[in-house]
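Structure, as C-alpha cells:
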Amino acid sequence: MNSATDTDRTFPAALAAVAEVDFYDDHYLSVDEDEDEYHRFDFEPTAYFESAEWTTGMFRSWTGNPEADGDVYLPFGQDGAGGRAMVWRARPGRPLSDQPIVFLGSEGEVGVVAGNLSDFLWVLADGYGPMEAALAEELASRPEQPLARLAERHATTPRRTAEEIVTETRAEFPTFEEDIHAMCR
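Take any residue in the sequence shown, note its place counting from 1, add 88, and you have its number in the working numbering.
Below is the structure:
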C-alpha cells in the first residue's frame, strides 16, 4: 500500500460544488430503457473530509485489522449502504486534486473510480457515481447535463467518458483491490 506524508485536508472547491448536488432529487432518477429499471446515483456527498481519527477507525473496522492505517484516505461521501468514496493520497507530494478517487463498499467491494478529482467530475457528468463506476463491468454513457456544467466549471482535464476514465485508472492502479484485501484479517 502506498503511503503519503502530505497532511493537507483542505476540502477542494470542486468537491464542495459536488456536495451541493442533491443526488436524491427526481432529476437523477431515470428509467433505463434497456432494462426497464430505474437508474439513480447512489451517492451522498459530504461538504468536508471525515476526520483522520474517524477514517482510521472506519478503515480498521472495514479491514478487520486493528493495525490498519487509513491515513492516505480522505472520505467525502457514501452510498446508501455505507460504502465510502475517498480521495486516495497515492501520489506523495502532489496536491489533492491530482490524487485518485476510490470506493470501498460496505460488503467488501473495492475499486478505483478516477485518476484525479477532475476526471471524477467527468465520471459524474457521464452518469456514474463512485460505487457504480468502481464496480461496473461496462459503463455506457448516460450524460447528466447539470453535472456536465459543474465539471466544465471545475475540471482541468478534457471531457472523456466514464468508461475511458475508469479503464485508464484501473490500468494505472491494477493492484488496488489486491492491496486493500491483503490488509484484511
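Ideal Cβ placement from N, Cα and C applies to all residues, glycine included.
Asked	Found
Less than 8 angstroms between the CB atoms is what I'm expecting for Ala-173 and Ala-213, so what's the real figure, rounded?	Wrong, their Cβ atoms sit about 16 angstroms apart, outside the cutoff.
CB Val-201 to CB Pro-188, shorter than 9 angstroms?	yes
Less than 8 angstroms between the CB atoms is what I'm expecting for Ala-303 and Ser-206, so what's the real figure, rounded?	The structure shown does not extend to residue 303, since the chain is modelled only from 89 to 273, so the question has no answer here.
Which whole-angstrom value is the C-beta distance of Trp-210 and Arg-247, which I expect to be below 8 angstroms?	6 angstroms
Going by the DSSP bridge assignment, what does Met-271 pair with across the sheet?	DSSP, once it has assigned bridges, lists no residue as partnering Met-271.
With DSSP collapsed to three states, give me the class of Gln-166.	strand
If the criterion is Cβ atoms closer than 9 angstroms, does the pair Gly-215 and Arg-230 meet it?	yes
State the CB to CB distance for the pair Val-254 and Leu-227, rounded to an integer number of angstroms; the pair is presumed to be in contact (CB under 8 angstroms).	6 angstroms
Does DSSP put Arg-172 in a helix, in a strand, or in coil?	strand
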